[in-house]
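Asks: Read left to right, the sequence shown gives residues 48 to 284 (this note's numbering).
In this text, a Cβ means the ideal position worked out from N, Cα and C, and glycines have one as well.
Have a look at this one before I ask anything.
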Amino acid sequence: MKNAANALLNRVEFPVLLAGLVIAAGLWGFEELMEMARATTPHAFDTEILLAFRQAGRPDSPIGPLWLQGAMRDITSLGSGSVLVLIVTAVIVYLLLIRRPATALFIFVAVAGGQVLSSLLKAGIDRPRPELVSHLVNETTLSFPSGHAMLSAVTYLTLGALAARFLSGRTTKIYVLSLAVLTTLLVGISRIYLGVHWPSDVLAGWCAGFVWAMLCWLAARAWQRWRGQHPDGETGD
Numbered sequence: 048m049k050n051a052a053n054a055l056l057n058r059v060e061f062p063v064l065l066a067g068l069v070i071a072a073g074l075w076g077f078e079e080l081m082e083m084a085r086a087t088t089p090h091a092f093d094t095e096i097l098l099a100f101r102q103a104g105r106p107d108s109p110i111g112p113l114w115l116q117g118a119m120r121d122i123t124s125l126g127s128g129s130v131l132v133l134i135v136t137a138v139i140v141y142l143l144l145i146r147r148p149a150t151a152l153f154i155f156v157a158v159a160g161g162q163v164l165s166s167l168l169k170a171g172i173d174r175p176r177p178e179l180v181s182h183l184v185n186e187t188t189l190s191f192p193s194g195h196a197m198l199s200a201v202t203y204l205t206l207g208a209l210a211a212r213f214l215s216g217r218t219t220k221i222y223v224l225s226l227a228v229l230t231t232l233l234v235g236i237s238r239i240y241l242g243v244h245w246p247s248d249v250l251a252g253w254c255a256g257f258v259w260a261m262l263c264w265l266a267a268r269a270w271q272r273w274r275g276q277h278p279d280g281e282t283g284d
């Protein structure tokens with residue numbers, strides 16, 4: 048039994064094993080956060096963190112100088128549907144111009160699928176936006192999970208992984224992927240700062256986004272192996 052387990056581990060590549068662990072952790076985290084979101088009253092975890100971004104006794108006034116409010120609005124726009132559509136469209140058009148239609152299709156399916164999944168999850172949980180503090184931007188959709196957090200994770204991680212695939216040098220690859228993760232984290236934090244999401248909404252968005260991105264990556268990897276070559280006949284890494 049032990050020998051069989053060791054043989055299986057030897058056959059599974061480290062990136063695949065890591066992706067599997069991320070998926071398992073993400074699903075577990077999302078389930079826990081979903082139970083929190085379904086509670087009739089906000090959890091102390093949510094209220095305390097949300098109020099920590101506001102001045103003491105003044106829930107309508109965020110902490111920090113005025114320029115920080117503007118910066119947070121700018122950062123949150125990086126996860127908006129319009130900005131993500133522009134970025135993804137530009138990447139897809141470029142991939143089509145250099146004759147990589149399979150890669151372009153993969154990007155489209157990953158991001159569009161993430162959008163559909165986000166909408167279904169919001170409708171299924173039906174959690175309203177927090178009313179504990181004032182909203183610094185206008186939002187009309189449901190709260191759980193955070194669509195900005197989820198879709199920024201899906202989009203930037205997918206594009207970061209794609210860019211890293213064509214870059215040489217481990218340091219450069221790590222830098223690009225780290226930048227994608229950092230952008231995703233900043234977008235999520237901005238949603239809490241602006242008062243339009245509970246912290247659990249953002250954490251759930253990250254969990255769902257990371258899980259979906261990893262599933263898409265594993266699917267693309269399996270498809271490449273099945274073809275016996277890179278998408279569109281690419282031979283580089």
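Check whether the Cβ atoms of residue 157 and residue 201 sit closer than 8 Å, and answer yes or no.
Replies: Yes; because the gap between Cβ atoms is below 8 Å, this pair is in contact.
Asks: Between the C-alpha atoms of residue 174 and residue 133, what's the straight-line distance to the nearest angstrom?
Replies: So the alpha carbons of these two residues sit roughly 29 Å apart.
Asks: Exposed or buried, which one is residue 166 when buried takes at least 16 other CB atoms within 10 Å?
Replies: The residue in question, residue 166, is exposed, as its Cβ has fewer than 16 Cβ neighbours within 10 Å.
Asks: Since residue 197 and residue 252 should fall inside the 8 Å C-beta cutoff, what is the C-beta to C-beta distance between them, to a whole number of angstroms?
Replies: 4 Å between Cβ atoms; contact.
Asks: List the endpoints of the continuous alpha helix (DSSP H) containing residue 121.
Replies: Segment 113 to 124, the alpha helix (DSSP H) holding residue 121.
Asks: In terms of residues, what are the limits of the alpha helix (DSSP H) holding residue 192?
Replies: No alpha helix (DSSP H) holds residue 192; DSSP gives it neither H nor E.
Asks: Taking three-plus beta-carbon pairs below 8 Å as touching, is the segment 121 to 128 in contact with the segment 178 to 195?
Replies: The answer is yes - the segment 178 to 195 touches the segment 121 to 128, with three or more Cβ pairs under 8 Å.
Asks: Tell me whether residue 247 sits in a helix, a strand or coil according to DSSP, three-state version.
Replies: Here residue 247 sits in helix by DSSP.
Asks: Report, in whole angstroms, the separation of the C-beta atoms of residue 77 and residue 255, which I expect to be a contact under 8 Å.
Replies: Right, the Cβ-Cβ distance comes to about 6 Å (below 8 Å), so this counts as a contact.
Asks: Tell me residue 217's beta-bridge partners as DSSP assigns them.
Replies: Its beta-bridge partners do not exist; DSSP assigns none.
Asks: So, for residue 278: in the same chain, excluding its five sequence neighbours on each side, which residues have a beta-carbon less than 8 Å away from its beta-carbon?
Replies: Reliability of the predicted coordinates at residue 278 is poor, the pLDDT of 46 falling under 50, and the value obtained from them is presented with this limitation in mind. These residues qualify, in order along the chain: 147, 149, 150, 153, 267, 270, 271.
Asks: For residue 234, which residues from the same chain have a beta carbon less than 8 Å from its beta carbon, with the 5 sequence-adjacent residues on both sides left out?
Replies: The answer, listed in chain order, is 122, 123, 125, 126, 195, 196, 199.
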